[in-house]
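These notes concern the structure reproduced below.
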Amino acid sequence: MIDTHCHLDAAEFSTDYRAASALAHAAGVTRIIVPGVSVACFPRQKFVVATTPGACAAYGIHPLYLTQSDSGDLQQLRHYLQQERPVAVGEIGLDFYIPQADKAQQTEFFAAQLQLAREFELPVILHSRRAVDAVLHALRRHPVRGGVAHAFNGSLQQAAEFIKLGFKLGFGGALTHAGSRRIRMLATELPLSALVLETDAPDIAPAWLHGGRNSPEQLPRIAAELAQLRGMTVEELVAHTDANAREVFPGLDAGC
349 MIDTHCHLDA AEFSTDYRAA SALAHAAGVT RIIVPGVSVA CFPRQKFVVA
399 TTPGACAAYG IHPLYLTQSD SGDLQQLRHY LQQERPVAVG EIGLDFYIPQ
449 ADKAQQTEFF AAQLQLAREF ELPVILHSRR AVDAVLHALR RHPVRGGVAH
499 AFNGSLQQAA EFIKLGFKLG FGGALTHAGS RRIRMLATEL PLSALVLETD
549 APDIAPAWLH GGRNSPEQLP RIAAELAQLR GMTVEELVAH TDANAREVFP
599 GLDAGC
């Protein structure tokens, strides 16, 4: 089973990321993609991935971390993409949820990182909170080789546009909450060929954790919830979602 989005290098795992990954592996999660958020965090991220069996890195500058960034960080990102051979560029994108967000700066950095993804022929891991249409617009201007729209919560029409552009859609703990009606509908009605599993640990905890720290070992139970929504077995679901992840992240089969 592949967790396509887990921040195993986050501060919440600072004392026990090895134990968390071991529990996940024992539960059947054999691959974990660890996306980056800022250049300052890349060294820690690199260390965690190197010391975690089955972990793979993606490097990128998250839109909410741009207040800590400058244009020189793009050169540092280029270095990591060139030297570390990650599976993707990410987590990148736009976040217009916060009223004071600098949309111009976010758009500039997003475009620059899409250009880097094109240069290194890598897929991307997208963040698109309250900015789905703007993210789609940027992707049409700067086409890449696909990737994953992480924590997707757009419309069926927007989902169809991502799929046309070669993207899979990430679903995780949010679909386990009865009140997440839109996400549960999307997870049920979208083509199975478009879905991948993720935890976004330590964030977006499933319902049974009651807001506690999420972890990659929760992925099998999240998969079971999705399988139930779609009226299929967990084994059938995971066979499809793992194949989808490997299709969009070819570097997974290279052993990271």
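Numbering (this note's numbering), first residue to last: 349 to 604.
C-beta: ideal position from N, C-alpha, C; glycine also.
Keep in mind that this is a model prediction, so the values were computed, not measured.
Report the residue from the options whose alpha carbon sits nearest the alpha carbon of residue i.
i    : options                : result
S386 : G402, A375, A406       : A406
A359 : R493, S563, E439, D443 : S563
R478 : G441, G408, R493, A593 : G441
V396 : A575, D357, F500       : D357
G502 : V492, A553, L484       : L484
P447 : L412, M349, E573, S417 : L412
V382 : Q461, E546, F457       : E546
Only counting the same chain, and skipping five residues up and downstream in sequence, which positions put a Cβ closer than 7 Å to that of residue i?
i    : result
R532 : L523, L577
A449 : D443
Do you know offhand how far residue i's Cα is from residue j's?
i    : j    : result
G384 : R569 : 25 Å
L429 : V596 : 17 Å
C404 : I380 : 6 Å
A486 : S476 : 11 Å
A587 : D351 : 13 Å
H558 : I473 : 27 Å
A593 : S419 : 31 Å
L504 : L538 : 8 Å
L513 : A507 : 10 Å
A575 : L585 : 6 Å
F500 : T536 : 13 Å
With a CB to CB cut of under 6 Å and the five nearest residues on each side skipped, what residues in its chain are close to residue i?
i    : result
A542 : I511, K516, L517
S369 : T400
R561 : E360, P550
H525 : A555
Q424 : V387
G599 : V435
L371 : E565
Measuring CB to CB, does residue i end up less than 9 Å from residue j?
i    : j    : result
A571 : T589 : yes
H353 : G520 : yes
V437 : F468 : yes
H490 : D548 : no
Q453 : L414 : yes
Below 8 Å CB to CB, which residues in the same chain sit around residue i once its five sequence neighbours on both sides are set aside?
i    : result
E432 : K394, A405, Y407
A374 : E565
S605 : Because the chain here runs from 349 to 604, residue 605 falls outside it and cannot be looked at.
T455 : L442, A482, A486
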